[in-house]
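Using full-length UniProt numbering, the letters of the sequence shown correspond one by one to residues 1 to 51.
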Amino acid sequence: MCNPIEGCFSSLKSKIKSYLAMRHRQMMEVVEFATLTQARMALLEAALQDS
């Protein structure tokens, strides 16, 4: 039997991956952030809100 949480997480992960693939250049640029890690975290948060 499939765990419903696993299906939900898989779907969310798929949507985040496609969001990040479309914004690859934005992920590599550090424009308004001090570090690359901060820029990527902000992009991941935006991807989560968009999903």
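Glycine is no exception: its CB is placed at the ideal position from the N, C-alpha and C atoms.
In the DSSP assignment, E6 falls within the unbroken alpha helix (DSSP H) covering 4-22.
The alpha-carbon separation between L12 and S51 amounts to approximately 7 angstroms. Residue environment analysis places A47 among the buried positions, since at least 16 neighbouring C-beta atoms fall within 10 angstroms of its C-beta. In the DSSP assignment, E45 falls within the alpha helix (DSSP H) that extends over 36-50. The residues A39, in chain order, have a CB closer than 8 angstroms to that of E29 in the same chain once the five nearest residues on each side in sequence are set aside.
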